[in-house]
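> Number 163 in this note's numbering belongs to position 117 of the sequence shown; there are no gaps in the numbering. Beta carbons are placed, not taken as given, at the ideal position from N, Cα and C, and that holds for glycine. Predicted model only: the values in this text are computed from it and were never measured.
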Amino acid sequence: MDQSGTLLTGSPSGDTAAELKATFKGDLLGPDDADYDQARSVWNQMIDKRPALIARCTDSSDVVQAVRFARKHGMLVSVRGGGHNIAGNAVCDSGLMIDLSPMKLILVNPDRRTARAGAGVLWSELDRETQRYGLATTGGTVSHTGIAGLTLGGGLGWLMGKHGLACDNLLSVDIVTADGQLQTASETENPDLFWAIRGGGGNYGIVTSFEYRLHPVGPTILGGMVLHPQSEAREVLRFYREFARNQPDELMVFCGLLNTPDGMPVIALIAGWFGPLSEGEAHLKPLRAFGTPIADLIGEIPYLQHQSMFDEATKPGLHRYWKSGNLPEIDDTVIDTVVGEAARMTTPYGFVLFFHIKGQATRVPAGKMAFGLRQDQWDFDIVAQWIDPAEAPTHIDWVRGFWKRIEPHTSGVYVNHLDSEESGRRVKTAYGPNYQHLSILKKKYDPDNFFCMNNNIQ
Ligand SMILES: Cc1cc2nc3c(=O)[nH]c(=O)nc-3n(C[C@H](O)[C@H](O)[C@H](O)COP(=O)(O)OP(=O)(O)OC[C@H]3O[C@@H](n4cnc5c(N)ncnc54)[C@H](O)[C@@H]3O)c2cc1C
47 MDQSGTLLTG SPSGDTAAEL KATFKGDLLG PDDADYDQAR SVWNQMIDKR PALIARCTDS
107 SDVVQAVRFA RKHGMLVSVR GGGHNIAGNA VCDSGLMIDL SPMKLILVNP DRRTARAGAG
167 VLWSELDRET QRYGLATTGG TVSHTGIAGL TLGGGLGWLM GKHGLACDNL LSVDIVTADG
227 QLQTASETEN PDLFWAIRGG GGNYGIVTSF EYRLHPVGPT ILGGMVLHPQ SEAREVLRFY
287 REFARNQPDE LMVFCGLLNT PDGMPVIALI AGWFGPLSEG EAHLKPLRAF GTPIADLIGE
347 IPYLQHQSMF DEATKPGLHR YWKSGNLPEI DDTVIDTVVG EAARMTTPYG FVLFFHIKGQ
407 ATRVPAGKMA FGLRQDQWDF DIVAQWIDPA EAPTHIDWVR GFWKRIEPHT SGVYVNHLDS
467 EESGRRVKTA YGPNYQHLSI LKKKYDPDNF FCMNNNIQ
């Protein structure tokens, strides 16, 4: 049985794997293959699962073959896009890992302002291609994240105030459903499936390509961060909560408590202005003038540089543990808790982040698509990262203690930020008002819960 009670009987012998090889174009990797360990490794080094077989798909037909093969042999299936999921759902023990990372095709249509991208594309790759035409869509804030998992869970990013979430900019997908059929879903084709995958994650099938709406962005924008000493964090957070809520859609401001590379604890106001460059200075002036910053790193920078600003701080290869929830308000109790707990951070690589969800991302009606948590609010993340596996208990204790004090102030959670310990109640909360409808569509498209390695809809 898997975690949700689905019956899984099979695991492939060498002979059965040879059966898939006959029709499959990509690489098939088993535990004895040289690339196996690298292929099963994901962003969070805490994850150490061993699939019986890894199917590295080159196109939609490989995905169809892999799904049919797994069905026939009753195998547990996991799906890997960019491999960033904190819970490690991209990998499974003893089953078939359907690895989409070789699927890198990107086609930009500058006249229609659309882009089609394969399911293995990372945000750095899509941004690079769309920026050739001065275009972009809302993407993640770390450029080594996969477009697939991020978009299917919603997709928070710097452009969400102006252009909505990543899923709001999705025009159509090609998707292999649990019956092994390749289908298209859009507002006009299989519209209920299209509704479900925009926020419902990997519950309904394997998306093989995504078509996005693009917007003129860059090539340069006004952005960066202003750093204050963490001893000033109370005042900075009080300023931040007012400032962030009173800005136009074009100005996004996040806030983080972290350590600089040389070990100084700071609080960072991290901003991006996505309107006309000439108007940005005036909007950013109060933020830059507040208090006595130790550094003001805001300036005109390439959009691509802004999109990769957090890459180094979150580079793959570290052990990770995090907790996340949505904060409707940053009240004084929250501020006191955050300031006190951040000061006790046990690892120099850890951070705490307020990710403001605002503007266009909040104006889409909650029932328009599966992603339904449309309030103006903060996605709040407590993240521990470390190198030595032996340190795990110390850092996990810090996050758990912190979370215990913050959780009562949260309401809901972003589905893509759920960790592996979450039970049914919180998963349900993440789908908010749309859970029941998602559940009906799960029954229609995946009645056997074939796609169960995800934030599962029962
Ligand atoms: C460093 C870091 C930064 C992040 N920043 C942001 C951010 O700015 N904004 C944001 O919204 N989120 C962010 N996230 C969360 C991110 O959205 C999730 O981790 C997401 O799952 C990443 O997608 P992936 O394809 O890389 O993940 P994977 O681990 O490959 O996939 C995660 C899950 O998505 C499903 N899935 C993946 N591909 C497909 C597919 N093609 N078809 C069907 N199902 C699929 C599967 O269920 C899979 O288990 C961040 C995560 C990390 C680790």
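#1: How would you label residue 54, buried or exposed, when you count the other beta carbons within 10 angstroms and need 16 or more for buried?
#2: Assuming residue 204 contacts residue 352 (C-beta within less than 8 Å), just tell me the rounded distance between them.
#3: Could you work out which residue in 342, 161, 65, 145 is closest to residue 109 when comparing CA atoms only?
#4: Quick one: Cα of residue 113 to Cα of residue 343, how far?
#5: Closer than 7 Å by C-beta to residue 402: which residues in its own chain qualify, once you throw out the five before and the five after it? Chain order, please.
#6: So, helix, strand or coil for residue 421, using DSSP?
#7: Pull up the distance between the alpha-carbon of residue 279 and that of residue 341, whole angstroms please.
#8: Run through the DSSP bridge pairs and tell me what residue 446 is partnered with.
#9: Go to residue 164, then tell me how far its beta strand (DSSP E) extends in each direction, as first and last residue.
#10: Is the Cβ-Cβ distance between residue 431 and residue 396 less than 8 Å?
#11: Residues bridged to residue 430 by DSSP?
#12: Look at the Cβ atom of residue 153, then the Cβ atom of residue 101, and state whether they are nearer than 8 Å.
#13: Nearer than 7 Å: is that true of the beta carbon of residue 352 relative to any heavy atom of ligand 1?
#14: Counting C-beta neighbours from all protein chains within 10 Å, is the total for residue 265 16 or more, i.e. buried, or is it exposed?
#15: With residue 102 as the anchor, note down where its beta strand (DSSP E) starts and where it stops.
#16: Comparing the CB of residue 259 with every heavy atom of ligand 1, is any distance shorter than 7 Å?
#17: Let me confirm a value: residue 506 is counted as buried when at least 16 other C-beta atoms fall within 10 Å, else exposed. Which label applies?
#18: To the nearest whole angstrom, what separates the beta carbons of residue 246 and residue 418, a pair I think is in contact under 8 Å?
#19: Apart from the five residues just before and just after residue 210, which ones in its own chain have a Cβ nearer than 7 Å to its Cβ?
#20: Nearest by alpha-carbon distance to residue 348: which of 88, 319, 368 is it?
#21: According to DSSP, residue 255 sits in a beta bridge with which residue or residues?
#22: So, is residue 322 buried or exposed, given that buried needs 16 or more other C-beta atoms within 10 angstroms?
#23: Nearest-angstrom Cα distance between residue 315 and residue 491?
#24: Could you check the C-alpha separation between residue 293 and residue 359 for me, to the nearest Å?
#25: In terms of residue numbering, what span does the beta strand (DSSP E) encompassing residue 89 cover?
#26: Just to confirm the assignment, what range does the beta strand (DSSP E) spanning residue 266 have?
#27: Since residue 340 is in the beta strand (DSSP E), which residue starts that stretch and which ends it?
#28: Report yes if the C-beta distance between residue 260 and residue 194 is below 8 Å; otherwise report no.
#29: Using a Cβ-Cβ cut-off of 6 Å (strictly less than) and excluding sequence neighbours within five positions of residue 388, which residues of its own chain qualify?
#30: How big is the Cα-Cα spacing for residue 86 and residue 96?
#31: Establish whether the CB of residue 388 and some CB of chain B are separated by less than 8 Å.
#32: List the DSSP bridge partners of residue 125.
#33: List, from N- to C-terminal side, the alpha helix (DSSP H) runs of 4 residues or more that fit wholly inside the region 329-416.
#34: At which residues does the beta strand (DSSP E) containing residue 298 begin and terminate?
#35: Identify which residue in 311, 414, 125, 436 has its Cα closest to the Cα of residue 386.
#36: So does the region 328-342 actually touch the region 147-166, counting three or more Cβ pairs closer than 8 Å?
Put simply:
#1: Taking the first residue of the sequence shown as 1, we reach residue 54 at position 8. In this prediction, residue 54 scores a pLDDT of 43, lower than 50, which makes its location untrustworthy; the coordinate-derived value is nonetheless stated afterwards. Answer is buried; the Cβ neighbour count reaches 16.
#2: Walking along the sequence shown from the start, residue 204 turns up at place 158. Walking along the sequence shown from the start, residue 352 turns up at place 306. Correct: roughly 7 Å between the Cβ atoms.
#3: Taking the sequence shown and counting its residues from 1, one reaches residue 109 at position 63. When only C-alpha atoms are compared, the closest one is 145.
#4: The residue given as residue 113 occupies position 67 in the sequence shown. The residue given as residue 343 occupies position 297 in the sequence shown. Using only the alpha carbons, I get a separation of about 48 Å.
#5: Here residue 402 refers to the residue found at position 356 of the sequence shown. The residues are 290, 298, 299, 300, 424.
#6: Here residue 421 corresponds to residue number 375 of the sequence shown, with the count starting at 1. Residue 421: coil per DSSP, three-state reduction.
#7: For the purposes of this step, residue 279 is taken as the residue at position 233 of the sequence shown. For the purposes of this step, residue 341 is taken as the residue at position 295 of the sequence shown. One C-alpha to the other measures close to 15 Å.
#8: In the sequence shown, the residue the question calls residue 446 occupies position 400. None; residue 446 has no bridge partner.
#9: Start at 1 with the first residue of the sequence shown, and residue 164 comes out as number 118. Counting along the chain, the beta strand (DSSP E) containing residue 164 begins and ends at 160-164.
#10: Residue numbering aside, residue 431 sits at position 385 when the sequence shown is read from its first letter. Residue numbering aside, residue 396 sits at position 350 when the sequence shown is read from its first letter. Yes, Cβ-Cβ distance for residue 431 and residue 396 is below 8 Å.
#11: As a working mapping, residue 430 is identified with position 384 in the sequence shown. In the DSSP output, where bridge partners are listed per residue, residue 430 has 367.
#12: If you number the sequence shown from 1, residue 153 lands on position 107. If you number the sequence shown from 1, residue 101 lands on position 55. No, these two residues do not count as a Cβ contact at 8 Å.
#13: By one-based count along the sequence shown, residue 352 stands at place 306. No, Cβ of residue 352 sits at least 7 Å from all heavy atoms of ligand 1.
#14: Working through the sequence shown from its first residue, we reach residue 265 at position 219. Exposed.
#15: The residue given as residue 102 occupies position 56 in the sequence shown. Where residue 102 is concerned, the enclosing beta strand (DSSP E) stretches over 99-102.
#16: For this step, residue 259 is matched to residue 213 along the sequence shown. No, Cβ of residue 259 sits at least 7 Å from all heavy atoms of ligand 1.
#17: In the structure as shown, the chain starts at 47 and stops at 504, and residue 506 therefore has no counterpart that could be examined.
#18: By 1-based counting over the sequence shown, the position of residue 246 is 200. By 1-based counting over the sequence shown, the position of residue 418 is 372. In fact, because the Cβ distance is near 10 Å, the residues do not count as touching under 8 Å.
#19: Numbered from its first residue, the sequence shown carries residue 210 at position 164. Counting only Cβ-Cβ distances below 7 Å, and skipping sequence neighbours, we find 184, 406, 407, 410.
#20: Within the sequence shown, numbered from 1, the residue matching residue 348 stands at position 302. The shortest C-alpha separation from residue 348 is found at 319.
#21: Residue mapping note: residue 255 aligns to position 209 of the sequence shown, counting from 1. DSSP lists 164, 220 as partners of residue 255.
#22: Taking the first residue of the sequence shown as position 1, residue 322 is located at position 276. Label assigned to residue 322: exposed.
#23: Locating residue 315 in the sequence shown gives position 269, counting from the first residue. Locating residue 491 in the sequence shown gives position 445, counting from the first residue. Taking the straight line joining both Cα atoms gives about 44 Å.
#24: By 1-based counting over the sequence shown, the position of residue 293 is 247. By 1-based counting over the sequence shown, the position of residue 359 is 313. Looking at the two C-alpha atoms, the distance is approximately 27 Å.
#25: Here residue 89 refers to the residue found at position 43 of the sequence shown. Residue 89 -> no beta strand (DSSP E), and no H or E assigned at all.
#26: In the sequence shown, the residue the question calls residue 266 occupies position 220. First-last of the beta strand (DSSP E) with residue 266: 266-275.
#27: One-based indexing of the sequence shown puts residue 340 at position 294. Careful: residue 340 lies outside any beta strand (DSSP E) and carries neither H nor E.
#28: Taking the sequence shown and counting its residues from 1, the one referred to as residue 260 is at position 214. Taking the sequence shown and counting its residues from 1, the one referred to as residue 194 is at position 148. No, the Cβ-Cβ distance between residue 260 and residue 194 is not below 8 Å.
#29: On the sequence shown, residue 388 is found 342 positions in, with the first residue counted as 1. Correct list, in chain order: 303, 398.
#30: As a position in the sequence shown, residue 86 is number 40, starting the count at 1. As a position in the sequence shown, residue 96 is number 50, starting the count at 1. About 7 Å.
#31: The structure shown has no chain B; it contains just one protein chain.
#32: For the purposes of this step, residue 125 is taken as the residue at position 79 of the sequence shown. Paired residue(s): 144.
#33: 349-353, 378-389, 406-409
#34: Walking along the sequence shown from the start, residue 298 turns up at place 252. Where residue 298 is concerned, the enclosing beta strand (DSSP E) stretches over 297-305.
#35: Residue mapping note: residue 386 aligns to position 340 of the sequence shown, counting from 1. Of the listed residues, the one whose Cα sits closest to residue 386 is 311.
#36: no
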